[in-house]
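J.: Numbering of the sequence shown is given in the working numbering, commencing with residue 21 and proceeding in unit increments.
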Amino acid sequence: MADTAVTERPAAQAPPARPSVLLELRRRTPWLSRYAGWLGPIAVALFAGVLRLWNLGSPNAFVFDETYYPKDAWSLLQQGYEGVWPANANDQILAHPPVIPLTSAPAFIAHPPLGKWVIALGEAAFGLNPFGWRVMVALLGTLSVLMLARIGRRLFGSTLIGCTAALLMSVDGLQFVMSRTGLLDGLLMFFVLAAFGCLLIDRDRVRARLAEPGVDGDRINLGLRPWRLAAGLLLGAACSVKWNGAQILAAFGLLTVLWDQAGRRAAGARSPLRSMLRRDAAPAFGSLVVVGALTYLASWSGWFATSGGYDRHWADGRSGLLPAPLRSWWHYQSEMWRFNTTLTTPHTYQSNPWSWLVQGRPVSMYWQPVPTGQQGCTSSGGCTTQILALGTPLLWWTACFALAYLLYRWFFRRDWRSGAVLCGVAATYLPWFEFQQRTIFSFYMVVLVPFLCLAVAQMLGAMVGPAGVTPARRAVGSVAAGGIVLAVMGCFLYFLPLYTAQVIPMSVWQDHMWFTSWI
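1. Can you give, in chain order, each stretch of the alpha helix (DSSP H) that sits fully within the stretch 246-283 and has at least 4 residues?
2. Could you compute how far the alpha carbon of Glu102 sits from the alpha carbon of Ala127?
3. Is it true that the stretch 255-266 meets the stretch 117-132, where meeting means three or more beta-carbon pairs spaced less than 8 Å apart?
4. When DSSP builds the beta bridges, which residues end up paired with Tyr369?
5. Grouping DSSP H, G and I as helix and E and B as strand, with all else coil, what is Cys384?
6. Quick check: the Cα distance between Ala22 and Pro486, rounded to an integer number of angstroms?
7. What residue from Leu297, Phe471, Arg433 and Gln530 has the CA that sits closest to Leu442's CA?
8. What is the rounded straight-line gap between the Cα of Gly177 and the Cα of Leu220?
9. Tell me the DSSP secondary structure of Thr520 in three-state form.
10. Could you tell me whether the stretch 164-172 touches the stretch 182-201, using the rule of 3 or more Cβ pairs below 8 Å?
11. Assuming the contact rule is C-beta atoms closer than 8 Å, Pro382 and Leu427 should be a hit. Round their C-beta distance to whole Å, please.
12. List in chain order: all unbroken alpha helix (DSSP H) runs of 4+ residues lying wholly within the stretch 90-155.
13. I'd like to check one pair, Ile460 with Phe370: are the Cβ atoms closer than 8 Å?
14. Based on DSSP bridge pairs, tell me the residues matched to Ile407.
15. Does DSSP put Pro525 in a helix, a strand or coil?
16. Would you tell me roughly how many angstroms separate the C-alpha atoms of Leu230 and Thr418, rounded to the nearest one?
17. If you draw a straight line from the alpha carbon of Ala552 to that of Arg494, how long is it in whole angstroms?
18. Please name the residue in Phe453, Val310, Cys397 and Ser190 whose C-alpha comes closest to that of Val469.
19. Could you give the first and the last residue of the continuous alpha helix (DSSP H) run that contains Val541?
20. Assuming Thr179 is part of the alpha helix (DSSP H), what are its boundary residues?
21. Got a sec, what are the start and stop residues for the alpha helix (DSSP H) Val311 sits in?
22. Could you tell me the boundaries of the alpha helix (DSSP H) in which Val484 lies?
23. At the level of alpha carbons, what is the spacing between Tyr89 and Leu96?
24. Closest by CA to Ile240, which one among Phe196, Arg298 and Asp192?
25. Considering only C-alpha positions, which residue in the set Trp58, Tyr386 and Arg284 is nearest to Arg227?
26. Is any beta-carbon of chain B found at less than 8 Å from that of Leu166?
27. How about Thr412 and Phe515: are their beta carbons less than 8 Å apart?
28. Helix or strand or just coil, what does DSSP make of Ala25?
29. If we count Cβ pairs, one from each stretch, closer than 8 Å, do we get three or more for the stretch 431-438 versus the stretch 150-160?
30. Ordered along the chain, which non-local residues of its own chain (more than five positions away) have a Cβ less than 7 Å from that of Ala318?
31. Tell me which same chain residues have a C-beta within less than 6 Å of the C-beta of Ala109, skipping the five on either side of it?
32. Count the other C-beta atoms from every protein chain shown that fall within 10 angstroms of the C-beta of Trp357, then say buried if there are 16 or more, exposed otherwise.
33. Hey, out of Ala68, Pro79 and Gln99, whose CA is closest to Thr326's CA?
34. From which residue to which residue does the alpha helix (DSSP H) around Thr448 run?
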């Protein structure tokens, strides 16, 4: 039988793949890709800044503990130390024209002065009025959003994840409220977050140094580390705002030396722990603890430079090894310690740390009834205006699941990024369980917010999926992650009237009180 030639039909050629919208955008606008690491964070920060600076001077009132810190800040600006104010000082300051009845008598103050010096910068520029004592807190709250985007980008190697964390923080109700009030906790958060960012940069630079050819992980001296020195300065500044910073300094100090140990192990050290203790522990102590202590001492310059401050002359005429001003200052610190650790005066809005992550008892910082016919109220049942220090509920509840995910990643996968975020959570949250009998409030957790947002952003990134997953898997994950972000933003918008003291009908206010513990 003759062979029969079989001619195969040529395979149909697939049409050339069209480039994705993202790739096409990158091709047409190369500058956008080049600067996306800054353009994205700046865009989110501008969004946050508009929210925080809009109508910042309203309400024209002293909101919660603004009755203390703005007046202390003005006194520092005028006298170098905190003075006594008469009982009716608030009404006189808010009067038209305003009267500022500051006296030269020294006042006992429970917190270090740096946070009030920062508030004083705004008062120096705009005067002793609500906008003046809130503007610096708002600006640093906005800058914190920018820092978080850059920190998230460095931590996770993704501009999108960093910007997601920053966007979440920009619409967190607690961070929003604390950025619009002249209190100290928002300033504490700024310095803690900045220190965390500096330690991340220091870690990356040390790893690059240890990865150089010929480096002996046991013998190398890492030399001067300016970013860790900057972290020590910032952590000292945090302590100079509120003493909570000391616990965070200790936790971050442990974190940075553990990073050093891991870096030396990766560089081939035979005994990384011993090498770290021999070569890194003492410099770390000097960079963080010593620099932090000197920064704290420097924050009291106004008290030392003047003679009218509280306890300024306590040691005069008493014998001692140290100079009298230092002994007087130390006595003042002991009095502050006694006050801060024994304060048990009941307060309507105090709460237990166990309820903070789920926002069980937010703090009402300002509340005024508005009768029908006044301030635009048309409701027959009357209206109200309130500032409620409530974290955006959907964000905080999502963060509880995110923290569980990070614990899994850290414990079972040895993910150092999860460990870094969890260190920030532990340092800012867990110490409060030691003071459950003390009068404490949930708004202290504004320092925790950046780390919660990093945790949620990391979890959302995992939902989208790593590089190499199928397009279908990525599409489903992106829709789910995007839906969570949009839901958080919608929740923030829903509660915005209660964050900004807008006049709303009483019935609308009641609809926003999802739990009786919020009232």
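Note that the Cβ used here is the ideal one computed from N, Cα and C, for glycine as well.
T.: So, from the data block:
1. 246-261
2. 6 Å
3. yes
4. The partner list for Tyr369 (beta bridge, DSSP) is empty, contrary to what the question assumes.
5. Per the sequence presented here, residue 384 reads as Ser, with Cys not at that position. It is a strand residue.
6. Low per-residue confidence applies at Ala22: pLDDT is 43, beneath 50, and the placement is therefore not dependable, though the value from the model is reported in the following sentence. The alpha-carbon atoms of Ala22 and Pro486 are separated by roughly 58 Å.
7. Phe471
8. 12 Å
9. coil
10. yes
11. Going by Cβ atoms, the distance from Pro382 to Leu427 rounds to 26 Å, so no, they are not a contact pair.
12. 109-114 and 134-146
13. Here residue 370 turns out to be Gln, not Phe, going by the sequence shown. Yes, the Cβ-Cβ distance between Gln370 and Ile460 is below 8 Å.
14. Tyr386
15. strand
16. 38 Å
17. What the structure shows of the chain is the stretch from 21 to 539, and residue 552 is not part of that stretch, so it cannot be assessed.
18. Ser190
19. With the chain covering 21 to 539 only, the question about residue 541 has no answer from this structure.
20. Thr179 to Ser190
21. Val311 to Ala318
22. Val469 to Val484
23. One alpha carbon belongs to Tyr89, the other to Leu96, and they sit about 10 Å apart.
24. In terms of CA proximity to Ile240, Arg298 leads the group Phe196, Arg298 and Asp192.
25. Across the set Trp58, Tyr386 and Arg284, the C-alpha of Arg284 shows the shortest separation from the C-alpha of Arg227.
26. Considering every chain present, this structure includes no chain B. It has just one protein chain.
27. yes
28. Note on Ala25: pLDDT 43, under 50, position unreliable in the model; the coordinate value appears next. DSSP places Ala25 in coil when its eight states are reduced to three.
29. no
30. none
31. Pro121
32. A residue is called buried once 16 or more other Cβ atoms fall within 10 Å of its Cβ, and Trp357, having fewer, is exposed.
33. For Thr326, the nearest C-alpha among the options comes from Gln99.
34. Trp436 to Tyr449
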